[in-house]
Amino acid sequence: MCGITGYIGNRNATPILLKGLKRLEYRGYDSSGIAILDTDRIKYLKKAGKIKELQALISKTSIYGSIGIAHTRWATHGSPNDSNSHPHLNESGTIALVHNGIIENYEAIKETLIRKGVIFQSETDTEVLVHLISAIYYEDKKLSFEDAVRAALQEVVGAYGIVALCKDEPENLVAARMGSPLVLGVGENEYFLASDASPIVGYTRNVIYLDDGEIVSLTKNTHNISTLKSKEILTKTLTEIDLTIDEIEKGEFPHFMLKEIHDQTHSITNTMRGRLNFQDGTTNLGGISEFIPSLINASRIYITACGTSWHAGLIGKHLIETYAQVPVHVEYASEFRYRKAIIDSDTILIAISQSGETADTLAAIKKAKELGALTLGICNVVGSSIARETDGGIYTHAGPEIGVASTKAFTSQVTVLTMLALMLGRKIEVAKNKGQNLISSLSELNKDVEEILKNQKKIKEVAKFTKDVNHYIYLGRGINFPVALEGALKLKEISYIHAEGYPAAEMKHGPIALIDENMPVVVLAPMDNTFSKILANIQEVKARKGIIITITDTKNSELEKLSDFILYVPPTHQHVFPITSSVILQLLAYEIAVLKNCEIDQPRNLAKSVTVE
Ligand code: M6R
Numbered sequence: 000m001c002g003i004t005g006y007i008g009n010r011n012a013t014p015i016l017l018k019g020l021k022r023l024e025y026r027g028y029d030s031s032g033i034a035i036l037d038t039d040r041i042k043y044l045k046k047a048g049k050i051k052e053l054q055a056l057i058s059k060t061s062i063y064g065s066i067g068i069a070h071t072r073w074a075t076h077g078s079p080n081d082s083n084s085h086p087h088l089n090e091s092g093t094i095a096l097v098h099n100g101i102i103e104n105y106e107a108i109k110e111t112l113i114r115k116g117v118i119f120q121s122e123t124d125t126e127v128l129v130h131l132i133s134a135i136y137y138e139d140k141k142l143s144f145e146d147a148v149r150a151a152l153q154e155v156v157g158a159y160g161i162v163a164l165c166k167d168e169p170e171n172l173v174a175a176r177m178g179s180p181l182v183l184g185v186g187e188n189e190y191f192l193a194s195d196a197s198p199i200v201g202y203t204r205n206v207i208y209l210d211d212g213e214i215v216s217l218t219k220n221t222h223n224i225s226t227l228k229s230k231e232i233l234t235k236t237l238t239e240i241d242l243t244i245d246e247i248e249k250g251e252f253p254h255f256m257l258k259e260i261h262d263q264t265h266s267i268t269n270t271m272r273g274r275l276n277f278q279d280g281t282t283n284l285g286g287i288s289e290f291i292p293s294l295i296n297a298s299r300i301y302i303t304a305c306g307t308s309w310h311a312g313l314i315g316k317h318l319i320e321t322y323a324q325v326p327v328h329v330e331y332a333s334e335f336r337y338r339k340a341i342i343d344s345d346t347i348l349i350a351i352s353q354s355g356e357t358a359d360t361l362a363a364i365k366k367a368k369e370l371g372a373l374t375l376g377i378c379n380v381v382g383s384s385i386a387r388e389t390d391g392g393i394y395t396h397a398g399p400e401i402g403v404a405s406t407k408a409f410t411s412q413v414t415v416l417t418m419l420a421l422m423l424g425r426k427i428e429v430a431k432n433k434g435q436n437l438i439s440s441l442s443e444l445n446k447d448v449e450e451i452l453k454n455q456k457k458i459k460e461v462a463k464f465t466k467d468v469n470h471y472i473y474l475g476r477g478i479n480f481p482v483a484l485e486g487a488l489k490l491k492e493i494s495y496i497h498a499e500g501y502p503a504a505e506m507k508h509g510p511i512a513l514i515d516e517n518m519p520v521v522v523l524a525p526m527d528n529t530f531s532k533i534l535a536n537i538q539e540v541k542a543r544k545g546i547i548i549t550i551t552d553t554k555n556s557e558l559e560k561l562s563d564f565i566l567y568v569p570p571t572h573q574h575v576f577p578i579t580s581s582v583i584l585q586l587l588a589y590e591i592a593v594l595k596n597c598e599i600d601q602p603r604n605l606a607k608s609v610t611v612e
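Per numbering that gives the first Met the number 0, residue 0 is the first one in the sequence shown, and the count goes up by one each step.
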């Protein structure tokens, strides 16, 4: 979590860093801060709260210089107050540092430093880093600032992306990464550093993705990348950023979440571009084509992920087992990494992650790799840690997702899993015409989403009717049970209404006790082989006076009679319904959050990219 950024060049760093922080605010918004090398001293400002608080502070003072660093925080160690905000400085104020990650052995380092007389100002793990670097740098006069950073990081256990500057080397900016992302933007006589490419895109399209264990030392004209273990200079390739300003700005939309819901008219098509083969009723997924035999013959597939991506994984299980008949186990990465899972060389692990940076998912991959499994990734962010750590993978190409609540990334993940299941199925016994049916429904998705978006008025009515309730229930069966879980998660995270998803038939084993006239129950009721069963489940809820909100692709008089509200998606393939119905659930959560005046793009306590355990 946390976003870090840095600049070195000829321009005034302050506005560049502030703009960069705004772009990184999705990563954490508990506090923010900036440090600038201003002629002969480091000036810094930091403030609890959103970046606008820091902006207000900056507007009252003059903080100017062409080298600087900045940070936006998601609190881990220490509450979100001013003193725990980054940057952290050494006691003489000559070194400043920003950090994204967690220093696991900070207590031991802190004790040693305290014994040497260092006085700490914050409760953070990060502060040990700046004092440690300072102690090494000033103890051994022969070391360069870069060498001192390298030496300090060798004593550190944990995850970090850091950017640091030192008053005594005013031409220099040093950064390093281990487990937290860091991108270097290469401009004309200037460099940019950031946790992702979004702060960089307005200035240069040329970037270098730093790898774990690398350190970079910058002047405004040069960059030297080496490793924490060796000073030998590495040659790294320049990558062109595939990102436009439009993609990372809200445009006419009031919130990123709404923009991203609307993006689904084209993002799902982008996910499928060049990958559908209607003629043969199959799909082509280049990034994993060499692994098809291994997938088909796998003893088991583990799908691992967190949050929304885990829900996509549950849908993937249903699809892969249906089409390809390979056993699939879906596990939270945070659980998988600490248990004794059965892994052999015929086991495949598929990790799903929008950001490609989720710490637990990354750790699960590393564990599976160590035990000999083939690892594949389904990621949205190109060049992300998970994309690079896995043996192969499929990008979702949903475009940047900035709203903390995942929307378009989810539908693209499910689309990828659908294509994967079909591709594997067609290699075994799934008939061509079955594949063609599925593909023709997938090809209609952009139009289907457009149709759903026209129906926002009806969704607003449901939102208005239910906005003041304290609880919400979501029901689905089979492939739609994870859709119910995802709908509940969307509502919880942005409107703070308690919500639960259940398999519809499980209601009578306990949760039905919760139903009364104040309980909205969203039911996913597509025309599939469970339709008559779900009608019965609706009857059971109706009999207890629950408020029935049905989502279906079918006109049915009984369903209409039982439902208080009925929201239609265009008729579609039963395996595509999870995608279309999810768009309705996203809109419903959004509209409720709007009516409740919630911070939609930055819900309390959350951050987009969870790079801590
Ligand atoms: O980037 P990832 O897909 O790995 O992130 C996983 C979860 O943190 C994420 O899906 C989270 O649950 C979202 N806020 C849900 O909207």
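Yeah, the Cβ is synthetic: ideal placement off N, Cα and C, and Gly gets one too.
Original post:
Beta-carbon separation of residue 514 and residue 545 under 8 Å?
Top reply: yes
Original post:
Which runs of the beta strand (DSSP E) spanning at least 3 residues fall entirely within the stretch 488-530, listed in chain order?
Top reply: 497-502 and 519-523
Original post:
By how many angstroms is the C-alpha of residue 564 removed from the C-alpha of residue 516?
Top reply: 14 Å
Original post:
Under 7 Å from any heavy atom of the ligand M6R, does the C-beta of residue 404 make it?
Top reply: yes
Original post:
What first and last residue would you give for the alpha helix (DSSP H) that runs through residue 363?
Top reply: 358-369
Subject >> DSSP beta-bridge partners of residue 99 >> reply: 160
Original post:
Under 8 Å between the Cβ atoms of residue 29 and residue 74?
Top reply: yes
Subject >> Neighbourhood of residue 48 by C-beta distance below 7 Å, restricted to the same chain and skipping five residues each side >> reply: 30
**OP:** Measure the C-alpha to C-alpha separation of residue 385 and residue 36 and round it to an integer number of angstroms.
**Re:** 35 Å
Original post:
Near residue 501, what residues of its chain come up, given a Cβ to Cβ distance below 8 Å and the 5 sequence neighbours on each side ignored?
Top reply: Cβ within range, chain order: 472, 473, 474, 480, 483 and 510.
**OP:** Output the distance between the C-alpha atoms of residue 561 and residue 505, rounded to the nearest integer angstrom.
**Re:** 19 Å
Subject >> the ligand M6R heavy atom lying under 7 Å from the CB of residue 19 >> reply: no
**OP:** Quickly, what does DSSP pair residue 87 with across the bridge? List them, please.
**Re:** 96.
**OP:** With residue 208 as the anchor, note down where its beta strand (DSSP E) starts and where it stops.
**Re:** 205-208
Original post:
Along the chain, where does the beta strand (DSSP E) that runs through residue 559 open and close?
Top reply: Looking at the DSSP string, residue 559 is not in any beta strand (DSSP E); the run it does join, the alpha helix (DSSP H), is 556-561.
Original post:
In chain order, which beta strand (DSSP E) runs of at least 3 residues are fully inside the stretch 160-237?
Top reply: 172-177, 182-185, 190-193, 205-208, 213-217 and 222-226
**OP:** Apply the 10 Å Cβ neighbour rule to residue 277 and answer buried if 16 or more other Cβ atoms are within range, or exposed otherwise.
**Re:** Under a 10 Å Cβ-count criterion, residue 277 is classified as exposed, with fewer than 16 other Cβ atoms of the shown protein chains found around its own Cβ.
**OP:** Write down the C-beta distance between residue 286 and residue 391 rounded to the nearest angstrom, noting that I regard them as a contact closer than 8 Å.
**Re:** In this structure, residue 286 and residue 391 form a Cβ contact; the two beta carbons are roughly 6 Å apart against a cut-off of 8 Å.
Original post:
What are the uninterrupted segments assigned as beta strand (DSSP E) that are 3 or more residues long and contained completely in the stretch 288-313, given in chain order?
Top reply: 299-304
**OP:** Look at the alpha carbon of residue 167 and the alpha carbon of residue 14, and state the distance between them as a whole number of angstroms.
**Re:** Approximately 24 Å between the Cα atoms of the pair.
Original post:
Taking 7 Å as the cut-off, does the CB of residue 605 come closer than this to any heavy atom belonging to the ligand M6R?
Top reply: Yes.
Original post:
Expressed to the nearest angstrom, what Euclidean distance is found between the alpha-carbon atoms of residue 60 and residue 465?
Top reply: Approximately 47 Å, taken between the alpha carbons.
Original post:
Nearest to residue 523 by CA position, among 294, 201, 148 and 549, is which residue?
Top reply: Of the residues 294, 201, 148 and 549, the one whose Cα lies closest to the Cα of residue 523 is 549.
Original post:
So, residue 260 versus residue 567, is the Cβ gap smaller than 8 Å?
Top reply: Result no, Cβ atoms of residue 260 and residue 567 do not sit closer than 8 Å.
**OP:** Would you grab the beta carbon distance between residue 270 and residue 397 for me? Rounded to a whole angstrom, and I think it's under 8 Å.
**Re:** 6 Å
Original post:
Hey, quick one: how far does the alpha helix (DSSP H) through residue 581 stretch, first residue to last?
Top reply: Going by DSSP, residue 581 is part of the alpha helix (DSSP H) stretching over 576-594.
Original post:
Exposed or buried, what is residue 353 when buried is set at 16 or more other beta-carbons lying within 10 Å of its beta-carbon?
Top reply: Using a 10 angstroms sphere on the CB of residue 353, the tally of other CB atoms reaches 16 or more, which defines it as buried.
Original post:
Would the C-beta of residue 352 count as close to the ligand M6R, meaning under 7 Å from any of its heavy atoms?
Top reply: yes
Subject >> Cβ shell of residue 597 (< 8 Å), same chain only, five flanking positions each side left out >> reply: 493, 494 and 495
**OP:** For my contact list, residue 311 and residue 412 are in at a C-beta cut-off of 8 Å; report their separation, rounded to the angstrom.
**Re:** 4 Å
Original post:
If you run the structure through DSSP and keep just helix, strand and coil, what is residue 33?
Top reply: strand
**OP:** Output the distance between the C-alpha atoms of residue 98 and residue 128, rounded to the nearest integer angstrom.
**Re:** Distance between the alpha carbons of residue 98 and residue 128 is about 9 Å.
**OP:** Write down every uninterrupted run of the alpha helix (DSSP H) in the stretch 390-442 whose length is 4 residues or greater and which is fully enclosed by it, in chain order.
**Re:** Counting only runs of 4 or more, we get 407-426 and 431-442.
Original post:
Taking 7 Å as the cut-off, does the CB of residue 53 come closer than this to any heavy atom belonging to the ligand M6R?
Top reply: no
**OP:** Report the rounded CA-to-CA distance for residue 297 versus residue 372, giving the unit in angstroms.
**Re:** 10 Å
Original post:
Below 8 Å between beta carbons: does that hold for residue 328 and residue 445?
Top reply: no
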